[in-house]
Structure formats: structure tokens, C-alpha cells
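Reading through the C-alpha cells given below for one structure.
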Amino acid sequence: MTTPAHAGPATDSGIPDPAPAQRRILRVLVASQVLSGAGLAAGVTVGALLAQDMLGTTSLAGLPSALFTAGSALAAVTVGRISQARGRRPGLATGYLTGAIGSAGVITAAVLDNPVLLFIALFVYGAGTATNLQARYAGADLAPAGHRARAVSTVLVATTLGGVAGPNLAAPAGTLAEHLGIPHLAGLFLLSGTAYALAALVLALWLRPDPLLLARTVAAAREKSTAGASSPGEQAAGKAPGGVVLGALVMVLTQLVMVAIMTMTPVHMHDHGHSTAASGLVIGIHIGAMYLPSPLTGWLVDRVGRMKIAAASGLTLLAAGILAAAAPGDSVFLLALALALLGLGWNFGLVSGTAIITDTVPPATRARTQGLVDVSIAIAGATGGMASGLVVAAASYPVLALAGGALSLALLPAVAATAYRR
């Protein structure tokens with residue numbers, strides 16, 4: 013058997029050793045995620061402000077978020093299909109390049125003061141968000157079963173570095189934009205487009221060997237080797253036909269609950285007289301809790317088990333919902349603590365759910381399945397965001413928080429049923 017370029021030497025059984033390639037792949041993914049994390053910030057930070065500025069009204073200011081969420085859902089399918097057919101490198105590079113094109117479209121729309129072009133461009137820009145999320149799967153393709161969650165968490169935490177830096181560059185990016193004759197608000201999309209383009213370039217040049225294609229080679233070699241022994245994760249996957257459903261359910265429910273409560277927290281704080289700075293602090297703490305615990309979460313998922321951390325996700329989200337509902341409206345500290353728990357519960361769900369999916373789905377069909385799962389996650393986020401306003405309008409923020417916490421408890425019987433079948 014010919015060992016793929018950059019893979020390690022074959023073992024005694026003739027199976028390529030993926031460990032050296034995995035180390036290289038993680039380094040490349042971390043570099044691309046730091047860049048793409050900076051690209052994520054533009055849409056969240058100034059998308060709504062651009063729409064409001066162009067239209068002169070706040071009535072459609074929420075449309076940018078809905079558009080790049082919808083764009084990310086379509087891109088998740090597309091990136092998954094390209095990865096399935098040709099490998100992670102072309103899939104991820106295409107996704108980031110599309111996000112860069114969307115950023116350029118937003119800048120053009122701002123210069124032309126064209127809201128229709130803005131909305132189309134924001135839809136295209138959503139491809140960057142989907143690709144950023146799909147990159148975590150590439151980190152797990154070649155990881156041993158006992159280290160998959162840690163590989164996922166390494167890719168996730170790298171996103172945080174760019175995500176934190178991006179918004180802080182809004183002012184200098186706006187100044188640069190004005191020097192170039194571009195509206196100040198569109199300046200962050202200059203950063204976004206550059207970051208996405210560089211992330212695509214890094215992957216296109218250096219994500220070699222392709223992790224998914226090499227994983228298929230290793231899997232095929234193992235099938236041909238003496239009857240046999242599969243890894244503990246693969247044995248578990250073989251006994252868990254409901255693994256895809258459980259992994260998807262964990263990630264979909266945690267996304268739905270997290271987005272719903274997060275979306276309305278700044279509104280709740282504003283209604284109680286808090287400043288924009290106070291709301292920004294609470295949301296900043298929340299985002300930090302979504303990503304920064306990833307290395308610890310990955311270690312726990314690998315050592316303690318996927319099912320236990322998935323169950324912990326539901327319980328943590330329940331605690332977040334109860335605390336958010338019970339916190340006095342004038343307590344920034346308690347709301348920040350509730351949102352930190354909300355972010356941590358989401359992190360538990362994303363890392364454990366991703367590991368469950370990767371354990372369960374063979375390399376031959378992995379990318380397509382993962383793309384479809386991420387579509388469900390995007391739809392869940394959009395649903396949570398839209399439904400949250402309706403619930404608060406019809407009832408109150410505490411009702412929304414309690415409902416979200418209660419919904420997260422659905423994870424417990426699902427985890428128990430899947431564990432029982434195994």
C-alpha cells in the first residue's frame with residue numbers, strides 16, 4: 013500500500029500512521045481558525061447597524077442576522093457535499109472564499125447605498141460562519157477515538173482568539189475604510205473579507221494531507237487487515253445506531269436554547285435601565301464561556317464520556333435558565349453568571365455532540381452527514397432567535413429563560429435511552 017504524502021510510516025499491519033499528519037493538520041486548522049474568527053465579528057457587530065443606517069429605520073435591523081444565518085445553513089450543505097466528494101481542503105477553502113466574496117459585496121453595497129445588494133451580500137457572507145463551524149470536524153477526522161473531543165476543542169478555542177480581536181479592530185478598520193472612500197461602518201467587513209480570504213489560502217496551501225481523505229485510506233486499510241480489532245470508539249459506534257440522532261439532538265437543542273436566551277438578554281437589560289456597555293459586558297462573558305472552556309471540555313468528554321457530558325449540558329442549561337429567570341433585573345452580576353452558564357452548557361453540548369457524530373459516522377459518509385447536522389443547528393439558532401422575541405412579547409423574559417431551561421431537560425431521557433441501547 014502506498015502511504016499518502018505527509019502521513020506517517022505504515023504500521024506493521026500496513027496501515028498508515030495518521031499521528032504525524034494529525035499534528036500538522038491541527039496546526040494548520042488553528043491558524044485558519046484564528047483568521048476566520050476575526051471574520052465572524054463583522055456581521056454580528058455592524059450588520060444590523062448598516063441595515064438601520066441605509067433604511068433609516070430599525071424595523072428591518074434584525075434581517076441581517078436572519079440572512080447570514082440562512083446563508084450559513086445553505087453553505088453547511090454545500091461545504092459538506094464538496095468535502096464529501098473531494099475532501100476537507102477544497103470544501104473549507106471554498107466556504108471561506110465565499111464568505112470573503114460576501115464581505116466584498118457588503119462593502120460594495122455600502123458604497124452604493126444599496127440595501128438590496130446589502131441583503132444579498134449578507135446571505136453570501138453567511139458561508140464564512142458555516143465554514144468556521146464545520147472546521148471542527150476536520151480536526152477530529154484523524155484523531156484517535158480517545159482524543160477526538162480534544163481535537164475538536166483545539167479547533168474551537170482557536171476561533172476565540174480571532175473572535176475577541178475582531179470587534180476590537182472595528183475603530184481602526186473604520187478609519188481605514190474612510191481613507192479608502194468606504195463608509196465607516198463597512199470597515200469591519202474589510203477586515204472580515206481579508207481574514208476569510210487568508211483562511212482560505214492557508215487551508216488551500218497547507219492542509220495536506222487532506223484529513224478526511226486520509227481517514228478514508230486508514231479506514232479502508234483497517235477493513236482489509238486481519239479480522240478485527242477496532243478502536244473502542246468504533247466499537248461503541250457500532251453498537252449505537254442512534255448516535256447520529258443523539259449527537260444532532262444534543263447540538264440542535266443546545267443551540268436553540270442558547271440563542272433564544274442570549275438574544276433577549278440585552279433587550280431585558282435595556283428595559284431595566286442598563287447601559288449598552290453593561291449589556292456588552294454580559295454578552296462578552298457569555299461568548300467567552302462558549303469557547304474558552306473548550307480544552308477542558310474536550311478532556312472531560314474523552315475521559316468521562318460523551319453521554320455524561322451531553323447530560324451535563326442539559327443540566328447546565330437548566331441552571332442557566334433558572335438563574336436568568338430568578339436574577340433581579342438590576343443585577344448585572346447574576347445575569348452575567350447566568351449567561352456564563354448558558355455559554356458553558358452550549359460548549360458541553362457542541363463538543364460532546366460533535367464527538368458522538370464523529371464516532372458514529374464512518375469516513376465514507378461523514379462529511380455529508382455532518383453538513384446536514386450543521387444545517388439543523390443553523391435552523392435551530394434562527395428558530396430560537398425568532399421565537400424568543402415572541403415569547404417575551406407574549407409573556408416575559410423569565411418565562412423565556414425557564415422555558416429554555418426546561419426544554420434542555422429533553423436531553424436527559426435521550427441520553428439515557430441511547431446509553432441503554434448500547
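Each residue of the sequence shown is one higher than the one before, counting from 13 in this note's numbering. C-beta atoms are modelled at their ideal positions from N, C-alpha and C, and glycine is treated no differently.
Rounded to the nearest angstrom, what separates Gly-255 and Thr-430 at their Cα positions?
7 Å
Rounding to the nearest angstrom, what Cα-Cα distance links Pro-244 and Arg-234 in this structure?
Per-residue confidence for Pro-244 stands at a pLDDT of 45, beneath the threshold of 50, marking its modelled position as unreliable; no derived number is given.
With a CB to CB cut of under 8 Å and the five nearest residues on each side skipped, what residues in its chain are close to His-284?
Gly-341 and Asp-342
Which stretch, first to last residue, makes up the alpha helix (DSSP H) that contains Asn-126?
Unbroken run through Asn-126: none, as it is neither H nor E.
Does DSSP put Val-373 in a helix, a strand or coil?
coil
When the Cα atoms are used, what is the spatial distance from Ala-252 to Asp-371?
Residue placement at Ala-252 is poorly supported in this model, since its pLDDT is 45, which falls under 50; the coordinates still yield a value, given next. Answer to the nearest angstrom: the Cα atoms are 9 Å apart.
Would you check if there are 3 or more beta carbon pairs closer than 8 Å linking the segment 163-171 to the segment 111-118?
The count of Cβ pairs closer than 8 Å, one atom from the segment 163-171 and one from the segment 111-118, stays below three, leaving the stretches out of contact.
Taking C-alpha atoms, which residue in Ala-216, Ser-306 and His-280 lies nearest to Ile-295?
His-280
Cβ atoms of Leu-330 and Ser-420: under 8 Å apart, would you say?
yes
Residue range of the alpha helix (DSSP H) that Ser-204 falls in?
199-218
Starting from the N-terminal side, write out each stretch of the beta strand (DSSP E) that is 3 residues or longer and does not extend beyond the segment 308-376.
none
By how many angstroms is the C-alpha of Pro-30 removed from the C-alpha of Ala-227?
The straight-line gap from Cα to Cα measures roughly 8 Å.
Do the CB positions of Ala-189 and Pro-127 come within less than 8 Å of each other?
no
Among residues of its own chain, excluding the 5 on either side of Ser-291, which ones have a beta-carbon nearer than 6 Å to its beta-carbon?
Excluding sequence neighbours, Ser-291 sits near Pro-278 and Met-281.
For the alpha helix (DSSP H) that contains Pro-221, what are its first and last residues?
Pro-221 -> no alpha helix (DSSP H), and no H or E assigned at all.
Going by DSSP, what residue range makes up the alpha helix (DSSP H) through Leu-2?
The chain is shown only over 13 to 434; residue 2 falls outside these bounds and no answer can be derived.
For Ala-231, collect the residues of the same chain with a Cβ closer than 7 Å to its Cβ; drop the 5 residues on either side in sequence, then sort them by chain order.
Pro-374 and Pro-375
Can you tell me where the alpha helix (DSSP H) with Leu-421 in it begins and where it stops?
Run containing Leu-421: none; DSSP gives neither H nor E here.
Determine the extent of the alpha helix (DSSP H) in which Leu-402 is found, giving its start and end residues.
378-406
Over the uninterrupted alpha helix (DSSP H) stretch that includes Ala-155, give me the two end residues.
Ala-155 -> no alpha helix (DSSP H), and no H or E assigned at all.
Below 8 Å between beta carbons: does that hold for Ser-44 and Leu-154?
no
Tell me whether His-284 sits in a helix, a strand or coil according to DSSP, three-state version.
coil
Measuring alpha carbon to alpha carbon, tell me which residue in Ala-422, Pro-425 and Tyr-108 is nearest Gly-205.
Tyr-108
Expressed to the nearest angstrom, what Euclidean distance is found between the alpha-carbon atoms of Gly-250 and Met-263?
Any answer about Gly-250 is weak, because its pLDDT of 42 lies below 50 and its placement is not dependable; what the coordinates show is given next. Approximately 21 Å between the Cα atoms of the pair.
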